[in-house]
Structure formats: structure tokens, C-alpha cells
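Participant: One line per chain: the protein sequences are H and Y, in this order.
Numbering of the first sequence is given in the numbering used here, commencing with residue 1 and proceeding in unit increments.
Numbering of the second sequence is given in the numbering used here, commencing with residue 290 and proceeding in unit increments.
Backbone N, C-alpha and C define an ideal beta-carbon position, used for all residues, glycine too.
These figures come from a predicted structure and were not determined experimentally.
First the structure, which I've put down as C-alpha cells, then a few questions once you've had a look.
Protein chains: 2
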Amino acid sequence: MTELEQIESALLSYLPSDNCTEKQLIESMKYSLMAGGKRIRPRLILEFCKLCGGDTEAAMPFACAIEMIHTYSLIHDDLPCMDDDDLRRGKPSNHKKFGEDIALLAGDALQSLAFSVMLSPKSVESVGADAAAKSAFVLAECCGANGMVGGQTIDLEYENQKASLKILNEMHQKKTGALINAACQIGCIIAGASKEKIQAAGKYAEKIGLAFQIIDDILDVTSDEETFGKPVGSDLQNNKSTFVTSIGIEKCRELASVLTKEAIDCLKEFQGDTEELINIANSLLIRKN
Amino acid sequence: MTELEQIESALLSYLPSDNCTEKQLIESMKYSLMAGGKRIRPRLILEFCKLCGGDTEAAMPFACAIEMIHTYSLIHDDLPCMDDDDLRRGKPSNHKKFGEDIALLAGDALQSLAFSVMLSPKSVESVGADAAAKSAFVLAECCGANGMVGGQTIDLEYENQKASLKILNEMHQKKTGALINAACQIGCIIAGASKEKIQAAGKYAEKIGLAFQIIDDILDVTSDEETFGKPVGSDLQNNKSTFVTSIGIEKCRELASVLTKEAIDCLKEFQGDTEELINIANSLLIRKN
Numbered sequence: 001m002t003e004l005e006q007i008e009s010a011l012l013s014y015l016p017s018d019n020c021t022e023k024q025l026i027e028s029m030k031y032s033l034m035a036g037g038k039r040i041r042p043r044l045i046l047e048f049c050k051l052c053g054g055d056t057e058a059a060m061p062f063a064c065a066i067e068m069i070h071t072y073s074l075i076h077d078d079l080p081c082m083d084d085d086d087l088r089r090g091k092p093s094n095h096k097k098f099g100e101d102i103a104l105l106a107g108d109a110l111q112s113l114a115f116s117v118m119l120s121p122k123s124v125e126s127v128g129a130d131a132a133a134k135s136a137f138v139l140a141e142c143c144g145a146n147g148m149v150g151g152q153t154i155d156l157e158y159e160n161q162k163a164s165l166k167i168l169n170e171m172h173q174k175k176t177g178a179l180i181n182a183a184c185q186i187g188c189i190i191a192g193a194s195k196e197k198i199q200a201a202g203k204y205a206e207k208i209g210l211a212f213q214i215i216d217d218i219l220d221v222t223s224d225e226e227t228f229g230k231p232v233g234s235d236l237q238n239n240k241s242t243f244v245t246s247i248g249i250e251k252c253r254e255l256a257s258v259l260t261k262e263a264i265d266c267l268k269e270f271q272g273d274t275e276e277l278i279n280i281a282n283s284l285l286i287r288k289n
Numbered sequence: 290m291t292e293l294e295q296i297e298s299a300l301l302s303y304l305p306s307d308n309c310t311e312k313q314l315i316e317s318m319k320y321s322l323m324a325g326g327k328r329i330r331p332r333l334i335l336e337f338c339k340l341c342g343g344d345t346e347a348a349m350p351f352a353c354a355i356e357m358i359h360t361y362s363l364i365h366d367d368l369p370c371m372d373d374d375d376l377r378r379g380k381p382s383n384h385k386k387f388g389e390d391i392a393l394l395a396g397d398a399l400q401s402l403a404f405s406v407m408l409s410p411k412s413v414e415s416v417g418a419d420a421a422a423k424s425a426f427v428l429a430e431c432c433g434a435n436g437m438v439g440g441q442t443i444d445l446e447y448e449n450q451k452a453s454l455k456i457l458n459e460m461h462q463k464k465t466g467a468l469i470n471a472a473c474q475i476g477c478i479i480a481g482a483s484k485e486k487i488q489a490a491g492k493y494a495e496k497i498g499l500a501f502q503i504i505d506d507i508l509d510v511t512s513d514e515e516t517f518g519k520p521v522g523s524d525l526q527n528n529k530s531t532f533v534t535s536i537g538i539e540k541c542r543e544l545a546s547v548l549t550k551e552a553i554d555c556l557k558e559f560q561g562d563t564e565e566l567i568n569i570a571n572s573l574l575i576r577k578n
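Encoded structure:
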């Protein structure tokens, strides 16, 4: 099995059985969680864990947990009271398929499931209670009020007003960057890596996270719905400040390229095979969806 | 300070500072978290912890975490796509005050904050990583797809069809009971209590949880909006199966009374002062809101 197949199979195994009264909820959770995607965040956890000499099998619950958090945020983001998107990864968004009420609850339950999976007796036995608690704490902080959800709030607030480059940076660092940062740090924590390594992983994360967002802004104006897998042009339509509206497409491409090189430089802190982490950084730069 | 005042003050202390770009989100979280209420779940954690010889100060993060989970569920429950309630605890519900988007995010962030607070370095230092991870796991399970959120799903599913008494029981055991159960168990876990004691606490919880829900169903038909603090008659209006529609008001009163006595009997497993836990059980039986 490839690493990606291992992640898919583990994700499926952590979903509760749908042989229960709340069957529809479980189906809705499964619909979004198993909808494919690049699984960047889980792969980052596994790669950093491997690079620091850790056991990737023990890291798997954490890899799946972060994807559950990411998935819940996408479900809630698509709701009519948020971005009101009908399409996600080329398929009807969760609330289009299951209704708003079930979509809301599926997101809520995926967040709980993430913490359940990280802190299960089996997971605690594999990585130790200290590393499990520390990793779950990092994820909780990164996805909460001063992390991912904070970033979404800033995004809402600046929907119809011009955001400075400083605000744009803060918004993206929180909205997208925080979770990528959590992934890279957690991989190191589970492997028992040094503070210096955890810090270097955090810097790599910060840079690829920002590059990721800049590319997203570019694709929103240059791609088409079929390739991108979600509606394009929505930023312009919503009058949103983006990196593209702030500094233009050409400077955006340059900046993303520089950030990717800087991210790859951060990997010098590590001894061992960094090829896959270099690939991830480069693949985010040239991605089409 | 009374115990209730200690809980209020701790809750406030765990909220992130609103001196940040996502100020509105923090205000929205604070609005609902600090809206009063009986704080039953935190009190149950503290009381069981005390009863089992544990340190209530160390238990406080967990007491606050469970109230954060409870609060997030109320915010999401009130949303237009769910119960669409304009009033909560006598005040405009969160989305009426802050808008649906912020209310959704405030609920999401309160769930993350609960896990942050339980697993913070300070909390882990106080109770040990094992007890912290175990308690957070119990809470995650109880509030997730086969717990609280599962119960809400069953509730939605049976909104316009008759539910059997078995389904009603399952729904309430999950929707309300699971969180009360988590509270009683976590109090014991933090104090390092025996399996037998954790089990007895779970039984006490199950019985007061069910009594709580039966009283809720009674109040929905016998109270008025001002006393109840939320709209009344909504069950009938929504054509919902309740304990009252299933077995009638008189049998409901009897059943709630029997369950309360049985709950109090479960406390015989414990040596020590059970007065407050007896009071809580009795207060739920005679409550007006």
C-alpha cells in the first residue's frame, strides 16, 4: 500500500459504524471525509514523524485527526451562512447532499472524532500520554479561536472592505497556515524531536502555508471550475481582498516561488531523507486544484 | 467565593483575550459562555472529584471544558437550520445577536477551546497526562457522533414521525445524558477513583439525565416563556414525540421522581459527603427552568 492508500484506509477505519440510529450522520461524515483530496496535512505529519525517527503507524491517528478537522472546516465553510458553496471537490457540498442541519452536525462530530481518535486508549498506549496530550493540545490551539476559526472570522470581517497586506497575512496564517503548522509540529512531537527541530518544522510550515494560499488566490482568477474542483472567481465576486488584488499575479507567482525555496531550506535542520517534504512543497507551488 | 462563583470566574479566565483581530468571535463566545445557567455539568465534575478525594482546583479546567461543549451545542442548536430559536436563557440567541456566520464559528471555537483547556501544559501538570488524556477522551466520545451529536441527529430524524419509547430513551441518553455522564465520570477519573466508583457515578448520571429530560418535556407544556427562559410549546408545534406525548404528564412526574430516588441510591457506593449531589438531583426534579 502506498502512504496515501494507508491514510485512506485508516480514515475509513476510524469512522463509527453506520449500524446505528444516527446512520445518516455517519454517512454524511463519511461522504466528506472520504471525498479524496491531497491529504497534505496527514502526509506532513507522517513525513516529519519519519524524518525525526518516529513510528508512522503510531502517528496515524494524529494524521487522520488533522484531516477530520480540515474536513469539518470545509463542511462548515460551504454552508449557506458562510461561503454558500454548492460544489466541493467536484461533488455537491455536504449540505447540498444531506441538508444544512446534518451538515452542521457532521462537522461538529468530525471535530469531536478528531480528539477521540488522538486520545483513544490505543493511541495513548502507542505514543505515550504526554505526546498524545501535547499533540492534541497543539491541534486544539491551531484550529481554535486564535487559529483556523479565528482566520475564518477575519476573512468574514474583511469580505466587503479592503484588507491591508498585514491583515491578509494574519488571516491566512491563521485560516490555512495554523493547521499546516500543527501538522508539521505534531509529526515531530510524536517522534520525540528536539525543540530546534519542532521550530524548523514550524518555519517550513509557515512558508508552504503562505505559498499555498497565494496559489489559491491565483487559481481563483486563472482556473476554471472543472479543474479547480470548486467555483472560481468567487473572490472577485465577493469583493474580497486577496494577494492577487494586493500585489498582482506576477508578484504573487514570484513570492510563492521564493517561499517554496525558503521552506525547502528549513529542512536542512534535519538529517535524513527530506525528498518527500521537498516534493510536497513543490507540488503545492505547481498545483492546478 | 462560592463554588458557582469559582466556576464563573474560571470560565471567564479561559476565554482568549479579545485584544485581537478576531475580536467579534471572542465576544460571541463570551456572550453565550457567560450567560449564566445552572452550571450543572461543571458542578457534577467538581462534586464527584471532591467525593473521591481529588483536588477540585485541578479539576476546574475539565469543569469549564464541559460547559464550553454544552454552550457550543446550545449555540448550534438555536441556529435557523436547527431549532431556529430566537431566545436562550431569556436573551437573544447567539445568531440573533452576532449573525449566523459568527454564531457557527463561535460554537466551533468553543469546542476546540474545551480540548485546549483540558490538555494545556498547566492542566496536564496538575492532573497528570494520563488522567488528562483519559478525561478528554471520555468527553470527546460523549459529545460526538455516538453521543450528544448523535442524539441531536436522532431528534431531527424523528421530528415529524412518531418515536417509540425505546428511541426516545436512546435519543435523550445521547443528547442530554451523555454529557452529564461524562461530567460524573471525569470527576472520578481526575481523583483517581476505582472502576466501581466510576461506574456508580455513571449510573447516577444516567438516572438524573433521564429525569432532567422528562422534566424538560413537562415544562415545555406547562411553563411559560418568561419562567422557562426559552419558547414553550415548541415540541407540540413541531409535532415531536416526547415523554409527555408518550406516557402523559402524571406518569412522567412519577417516573422522574423514581429516577431521582434511584440516582441518590447510587451514591451509597461512595464514602463521604454526598449532600451536594443529592441536592443537584433533587433540584433538577423541582426546577422551573
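Taking 8 Å as the threshold (beta carbon to beta carbon), is alanine 63(H) in contact with chain Y?
Facilitator: Looking up residue 63(H) in the first sequence gives position 63. Judged by the 8 Å Cβ criterion, alanine 63(H) is not in contact with chain Y.
Participant: Check whether the Cβ atoms of alanine 429(Y) and serine 112(H) sit closer than 8 Å, and answer yes or no.
Facilitator: Here residue 429(Y) corresponds to residue number 140 of the second sequence, with the count starting at 1. Here residue 112(H) corresponds to residue number 112 of the first sequence, with the count starting at 1. The answer is yes: Cβ separation under 8 Å.
Participant: DSSP puts leucine 376(Y) in a beta bridge; with which residues?
Facilitator: Residue numbering aside, residue 376(Y) sits at position 87 when the second sequence is read from its first letter. Leucine 376(Y) pairs with Pro381(Y).
Participant: Within 10 Å of its beta-carbon, does lysine 529(Y) have 16 or more other beta-carbons around it, so buried, or fewer, so exposed?
Facilitator: Sequence index remark: in the second sequence, residue 529(Y) carries index 240 (1-based). Burial call: buried.
Participant: Looking at the structure shown, is lysine 529(Y) part of a helix, part of a strand, or coil, going by DSSP?
Facilitator: Translated into the one-based positions of the second sequence, residue 529(Y) becomes position 240. The answer is coil: DSSP assigns lysine 529(Y) none of H, G, I, E or B.
Participant: Can you give me the start and stop residues for the alpha helix (DSSP H) that methionine 349(Y) sits inside?
Facilitator: As a position in the second sequence, residue 349(Y) is number 60, starting the count at 1. It spans 345-367 - the alpha helix (DSSP H) in which methionine 349(Y) sits, taken as one unbroken run.
Participant: Evaluate contact between the stretch 12-25 of chain H and the stretch 69-86 of chain H, counting only Cβ atoms and requiring at least three cross-stretch pairs below 8 Å.
Facilitator: Judged by Cβ distances under 8 Å, the stretch 12-25 of chain H makes no contact with the stretch 69-86 of chain H, as fewer than three pairs qualify.
Participant: Start and end of the alpha helix (DSSP H) containing glycine 187(H)?
Facilitator: Position 187 of the first sequence, counted from the first residue, corresponds to residue 187(H). Unbroken alpha helix (DSSP H) run through glycine 187(H): 178-190.
Participant: Answer yes if the stretch 45-53 of chain H comes into contact with the stretch 258-278 of chain H, meaning at least three C-beta pairs across the two stretches below 8 Å, and no otherwise.
Facilitator: Yes, the stretch 258-278 of chain H is in contact with the stretch 45-53 of chain H.
Participant: Specify, as a first and last residue, the run of the alpha helix (DSSP H) that lysine 492(Y) falls within.
Facilitator: Working through the second sequence from its first residue, we reach residue 492(Y) at position 203. That run of the alpha helix (DSSP H) goes 484-511.
Participant: Between valine 117(H) and valine 127(H), what straight-line distance do the alpha-carbon atoms span, to the nearest angstrom?
Facilitator: Counting from 1 along the first sequence, the entry for residue 117(H) is found at position 117. Counting from 1 along the first sequence, the entry for residue 127(H) is found at position 127. In a straight line, the C-alpha of valine 117(H) is about 13 Å away from that of valine 127(H).
Participant: Taking only beta-carbon positions, decide if phenylalanine 334(H) is within less than 8 Å of chain Y.
Facilitator: The displayed coordinates of chain H run from 1 to 289. Any statement about residue 334(H) would go beyond what the structure contains.
Participant: Where isoleucine 296(Y) and aspartate 86(H) are concerned, what is the direct C-alpha to C-alpha distance, given to the nearest angstrom?
Facilitator: Along the second sequence, read from residue 1 onward, the residue named residue 296(Y) stands at position 7. Along the first sequence, read from residue 1 onward, the residue named residue 86(H) stands at position 86. The straight-line gap from Cα to Cα measures roughly 42 Å.
Participant: Glutamine 313(Y) versus chain H: which residues are under 9 Å apart at the beta carbon?
Facilitator: Position 24 of the second sequence, counting from 1, holds the residue named residue 313(Y). Correct list: Thr153, Leu156, Glu157.
Participant: For asparagine 289(H), is the classification buried or exposed, using 16 other Cβ atoms within 10 angstroms of its Cβ as the cut-off for buried?
Facilitator: For this step, residue 289(H) is matched to residue 289 along the first sequence. Classification for asparagine 289(H): exposed.
Participant: Under a CB-based cut-off of 8 Å, is glutamate 170(H) close to chain Y?
Facilitator: What you label residue 170(H) is simply residue 170 of the first sequence in a count that begins at 1. Taking Cβ atoms only, chain Y reaches closer than 8 Å to glutamate 170(H), which makes this a yes.
Participant: For glutamate 196(H), which residues of its own chain have a beta-carbon under 7 Å away from its beta-carbon, when the five flanking residues on both sides are left out?
Facilitator: Residue numbering aside, residue 196(H) sits at position 196 when the first sequence is read from its first letter. Glu269.
Participant: Using a Cβ-Cβ cut-off of less than 9 Å, give me the residues of the stretch 451-475 of chain Y that come near chain H, in sequence order.
Facilitator: From the stretch 451-475 of chain Y, only Ile456, Glu459, Met460, Lys463 have a Cβ closer than 9 Å to chain H.
Participant: Which residues in chain H have a C-beta closer than 7 Å to the C-beta of methionine 318(Y)? List them in chain order.
Facilitator: In the second sequence, counting from the first residue as 1, residue 318(Y) sits at position 29. Going along chain H in sequence order, the residues near methionine 318(Y) (Cβ under 7 Å) are Ala145.
Participant: Using the beta-carbon count (16 or more within 10 Å), is arginine 88(H) buried or exposed?
Facilitator: Here residue 88(H) refers to the residue found at position 88 when the first sequence is read from its first residue. Label assigned to arginine 88(H): buried.
Participant: May I ask you to list, following chain order, the residues of the stretch 99-122 of chain H that have a beta carbon less than 9 Å from some beta carbon of chain Y?
Facilitator: Those would be Gly99, Glu100, Asp101, Ile102, Ala103, Leu104, Leu105, Ala106, Gly107, Asp108, Ala109, Leu110, Gln111, Ser112, Leu113, Ala114, Phe115, Ser116, Val117, Met118, Leu119, Ser120, Pro121, in chain order.
Participant: Nearest-angstrom Cα distance between isoleucine 26(H) and glutamate 446(Y)?
Facilitator: As a first step, residue 26(H) must be located in the first sequence, where it is residue number 26. As a first step, residue 446(Y) must be located in the second sequence, where it is residue number 157. Their Cα atoms are separated by approximately 13 Å.
Participant: Taking the C-alpha atoms as reference points, what is the distance between glycine 466(Y) and glycine 436(Y)?
Facilitator: Translated into the one-based positions of the second sequence, residue 466(Y) becomes position 177. Translated into the one-based positions of the second sequence, residue 436(Y) becomes position 147. C-alpha separation (whole angstroms): 9 Å.
Participant: Less than 8 Å between the C-beta atoms of aspartate 513(Y) and threonine 531(Y), yes or no?
Facilitator: Mapped onto the second sequence, residue 513(Y) falls at position 224. Mapped onto the second sequence, residue 531(Y) falls at position 242. Going by C-beta atoms, aspartate 513(Y) is not nearer than 8 Å to threonine 531(Y).
Participant: Identify each residue in the stretch 350-382 of chain Y for which the Cβ-Cβ distance to at least one residue of chain H is less than 9 Å, and report them in chain order.
Facilitator: Going along the stretch 350-382 of chain Y in chain order, one finds Ile358, Tyr361, Ser362, His365, Leu368, Pro369, Cys370, Met371 with a Cβ nearer than 9 Å to chain H.
Participant: What separation, rounded to the nearest whole angstrom, lies between the Cα atoms of threonine 291(Y) and threonine 2(H)?
Facilitator: As a working mapping, residue 291(Y) is identified with position 2 in the second sequence. As a working mapping, residue 2(H) is identified with position 2 in the first sequence. One C-alpha to the other measures close to 58 Å.
Participant: Using three-state DSSP, classify methionine 437(Y) as helix, strand or coil.
Facilitator: By one-based count along the second sequence, residue 437(Y) stands at place 148. If DSSP states are grouped into helix, strand and coil, methionine 437(Y) belongs with the helices.
Participant: Could you pull out every residue in the same chain whose Cβ sits closer than 8 Å to the Cβ of glutamate 389(Y), ignoring the five residues on either side in sequence?
Facilitator: By one-based count along the second sequence, residue 389(Y) stands at place 100. Excluding residues within five positions, the ones whose Cβ falls inside 8 Å are Leu368, Pro369.
Participant: Hey, serine 546(Y) and leucine 457(Y) are a contact pair by Cβ (cut 8 Å); roughly how many whole angstroms apart?
Facilitator: Counted from its first residue, the second sequence places residue 546(Y) at position 257. Counted from its first residue, the second sequence places residue 457(Y) at position 168. About 18 Å; that fails the 8 Å criterion.
Participant: Please list the partners that alanine 59(H) has in chain Y, where partner means a Cβ-to-Cβ separation under 8 Å.
Facilitator: As a working note, residue 59(H) is residue 59 in the first sequence. Under the 8 Å cutoff, chain Y gives no residues; its nearest Cβ is about 16 Å from alanine 59(H).
Participant: For a contact defined as C-beta to C-beta under 7 Å, what are the partners of glutamate 430(Y) on chain H?
Facilitator: Within the second sequence, the letter at position 141 stands for residue 430(Y). By Cβ distance, chain H contributes Ser116.
Participant: In terms of alpha-carbon separation, which member of Asp84(H), Ala131(H), Ile45(H), Asp108(H) lies closest to glycine 202(H)?
Facilitator: Locating residue 202(H) in the first sequence gives position 202, counting from the first residue. Answer by Cα proximity: Ile45(H).
Participant: Listing by chain order, which chain Y residues have their CB less than 8 Å from the CB of aspartate 130(H)?
Facilitator: Position 130 of the first sequence holds residue 130(H). Ordered by position in chain Y, the residues that pass the 8 Å Cβ test against aspartate 130(H) are Val413, Ala418.
Participant: Report the three-state DSSP secondary structure of glutamate 539(Y) (helix, strand or coil).
Facilitator: For the purposes of this step, residue 539(Y) is taken as the residue at position 250 of the second sequence. In this structure, glutamate 539(Y) counts as helix in the three-state DSSP scheme.
Participant: By the criterion of Cβ-Cβ separation under 8 Å, what are the contact partners of cysteine 309(Y) in chain H?
Facilitator: Here residue 309(Y) is taken as the residue at index 20 of the second sequence, counted from 1. Going along chain H in sequence order, the residues near cysteine 309(Y) (Cβ under 8 Å) are Asn146, Gly150.
Participant: Considering only the beta carbon of each residue, do methionine 29(H) and leucine 11(H) sit closer than 8 Å?
Facilitator: By one-based count along the first sequence, residue 29(H) stands at place 29. By one-based count along the first sequence, residue 11(H) stands at place 11. In this structure, leucine 11(H) does not lie closer than 8 Å to methionine 29(H) by Cβ.
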